[in-house]
């Protein structure tokens, strides 16, 4: 009865909508997930490119996938030690 | 309760006395146990006289016992009483086909567990081999998993996906479920329900037989003959049956 | 030149085998020459769903390893003269066949028949790779449940990665009343999420249980709604345009009573 009243007054979502929303979120993650080897390759490539411009501790470079507001983001954290003056040349 | 299976001596040798008031399938198990317990006394190979008291055994029962004794390394010298007499034969059949609980009438979710409550040390238990594990049959021959040189006994329910192959006679104390496979160069005896595929005489022995307390296979094979259960509703009869080749036909008979 | 269609799902228990059996039988009922092939080694079931379990002598592993000829391993159906089953092996390891062998079998079958329907095991391991090895197109079966849809999505991705783009969807076990109440995802909801083409929708139907018990595919049952849904799917596979059936016309006791009166 409570469920029925909730529906009547729009108090809570249909269970199928809950299912749909949850699925969408899960799938965003599933679809974006990279295998550990791929992640490692990405990391290596990033290190290679960035070290042309910046001095940083390679081991401190942190790469991960994250979800935010229904979007998949690639997060890269690099503690920079020094900017290379003659970069790009 | 006096023993349903016992020994006695007469002028011709050792007599195995059977009490036919016990169900035939239980009797088979008791015989296996009795012979196993008495293996030192009996030796490797003995001719036994089988005396079933007042009631003569029928043909199927005789065949089953011959196979059973053979697989235990012995043989049947003769049966007493000699020929099934008309009157007594009927009585015997009635006795056999009248299980104590008429389970074809009373509904019971009969998950027929292996009826090996009585025997405790019949045979050493061996793990069920899946085909991947049974690398070669001769390897098994070295292990102490036998009753005799020619028989392998397994005390276990054989489940779907499991397969047991053996180069002699195979005795299963337990059920063989649908999807499981038995393959033996000799006879196959299942002291339980047989629902899986059984292939006796797989190397071409047309004298091989398949015995089961409840024969419910969808398919049976002896030597190069294959018989399949008829399509449609299968009749679930709770009586021991034996399959063998007669005139190049695979015949299933009540025991 | 026949077509090889794999029926897959990722998740187990969503109705792959039932769907494969019904599509195969339905195509045979339309006069097509069909082979049903079970690639679920170690957990075979297509034989019992088809009611052919008592006829098995050779299986797919025997064919793959050359223990028997392809023809010997094809079990003739009891209803249609041009419907065959290649059963999976039950007592062998699931790695007993490889992709090359399955592909070779599919190629050989393709020369002989109009359709090869491959029943794929659950999961994404070797069995899945085997099942899709020789396929031209794929049917993905799912239920309106979060877990099943998620696995279907994963499978669709893997199919695409293996050159089987554009798989089609069979949505199984839909309960129209629950959909109406908003307690089950609708066909539209699921299509929106998976973004693939729909092949058909099968209503949840007690007849499936009954027909599986009997080993008689429901597609042959003219009375059953799931049978009708499968017949429609079969026609669509053969290239016919068939509108989706209306799942709402669930016959209640009352309407049936009315019809009875009318009939008199």
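Protein chains in written order, with this note's numbering: chain A, 1 to 89; chain D, 90 to 344; chain H, 345 to 608. Glycine is no exception: its CB is placed at the ideal position from the N, C-alpha and C atoms.
| Asked | Found |
| --- | --- |
| What's the gap between the Cα of residue 439 of chain H and the Cα of residue 469 of chain H? | 10 Å |
| What distance in whole Å lies between the Cβ atoms of residue 466 of chain H and residue 346 of chain H, which are believed to be in contact at a cut-off of 8 Å? | That pair is no contact at about 26 Å. |
| Establish whether the CB of residue 434 of chain H and some CB of chain D are separated by less than 8 Å. | yes |
| Under three-state DSSP, which class holds residue 502 of chain H? | helix |
| Between residue 479 of chain H and residue 462 of chain H, is the Cβ-Cβ spacing less than 8 Å? | yes |
| Give a yes or no on whether 8 Å exceeds the smallest Cβ distance from residue 43 of chain A to chain H. | no |
| Residues of chain E with CB closer than 7 Å to the CB of residue 527 of chain H, please, in chain order. | Looking at the structure shown, chain E is missing, and the protein chains on hand are A, D and H. |
| Between residue 337 of chain H and chain D, is the shortest Cβ-Cβ distance under 8 Å, so that the two count as touching? | Given a span of 345 to 608 for chain H in the structure shown, any question on residue 337 of chain H remains unanswerable. |
| Cutting at 7 Å between CB atoms, please list the residues of its own chain near residue 167 of chain D, excluding the five before and the five after it. | 138 |
| How big is the Cα-Cα spacing for residue 393 of chain H and residue 481 of chain H? | 23 Å |
| Name the residues in the segment 473-490 of chain H whose C-beta lies less than 7 Å from a C-beta of chain A; which are they? | 490 |
| Quick check on DSSP: helix, strand or coil for residue 549 of chain H? | coil |
| Ends of the alpha helix (DSSP H) at residue 252 of chain D? | Where residue 252 of chain D is concerned, there is no enclosing alpha helix (DSSP H), although the beta strand (DSSP E) it sits in stretches over 252-255. |
| Using a cut-off of 8 Å between C-beta atoms, extract the partners of residue 290 of chain D located in chain H. | By Cβ distance, chain H contributes nothing, its closest Cβ being about 16 Å from residue 290 of chain D, past 8 Å. |
| Thinking C-beta only, is residue 43 of chain A closer than 8 Å to residue 63 of chain A? | yes |
| Measuring alpha carbon to alpha carbon, tell me which of H:550, H:522, H:544, H:560 ends up nearest residue 483 of chain H. | H:544 |
| Give, in chain order, every residue of the segment 393-408 of chain H whose Cβ lies closer than 8 Å to some Cβ of chain D. | 395, 397, 398, 399, 400, 401 |
| Since residue 317 of chain D meets chain H, which of its residues come closer than 8 Å, beta carbon to beta carbon? | 398, 399 |
| With a cut-off of 8 Å, does the C-beta of residue 386 of chain H fall near any C-beta of chain D? | yes |
| Three-state secondary structure (DSSP) at residue 370 of chain H? | helix |
| If you reduce the DSSP assignment to three classes, tell me which class residue 288 of chain D lands in. | strand |
| Got a sec: is the Cβ-Cβ distance from residue 533 of chain H to anything in chain A below 8 Å? | yes |
| For chain H, is any of its Cβ atoms less than 8 Å away from the one on residue 251 of chain D? | yes |
| At least one CB of chain H closer than 8 Å to the CB of residue 66 of chain A: is that the case? | no |
| Exposed or buried, which one is residue 236 of chain D when buried takes at least 16 other CB atoms within 10 Å? | For residue 236 of chain D, the predicted model reports a pLDDT of 43, less than 50, meaning its position is unreliable and no value from the coordinates is stated. |
| For a contact defined as C-beta to C-beta under 9 Å, what are the partners of residue 30 of chain A on chain H? | 494, 497, 498, 501 |
| Taking only the alpha-carbon atoms, compute the straight-line gap between residue 418 of chain H and residue 526 of chain H and give it to the nearest angstrom. | 46 Å |
| Can you confirm whether the segment 329-338 of chain D touches the segment 495-505 of chain H when touching is taken to mean that 3 or more C-beta pairs between the two stretches lie within less than 8 Å? | no |
| As a quick exercise: from H:535, H:396, H:434, H:578, pick the residue whose alpha carbon is nearest that of residue 249 of chain D. | H:434 |
| Would DSSP call residue 97 of chain D helix, strand or coil? | strand |
| Mind listing the chain A neighbours of residue 537 of chain H? Cutoff is C-beta to C-beta under 8 Å, in chain order. | 20, 23, 24, 27 |
| Which residue from H:453, H:578, H:524 puts its Cα closest to that of residue 14 of chain A? | H:524 |
| Which residue wins for smallest C-alpha separation from residue 281 of chain D, given the options D:260, D:94, D:293, D:294? | D:260 |
| Pick out whichever of D:338, D:262, D:247, D:246 has its Cα sitting closest to the Cα of residue 240 of chain D. | D:262 |
| Residue 287 of chain D and residue 276 of chain D - do their beta-carbons sit closer together than 8 Å? | no |
| Which residues in the same chain have their Cβ closer than 6 Å to the Cβ of residue 191 of chain D, if we skip the five residues on either side of it in sequence? | Reliability of the predicted coordinates at residue 191 of chain D is poor, the pLDDT of 32 falling under 50, and no value is obtained from them. |
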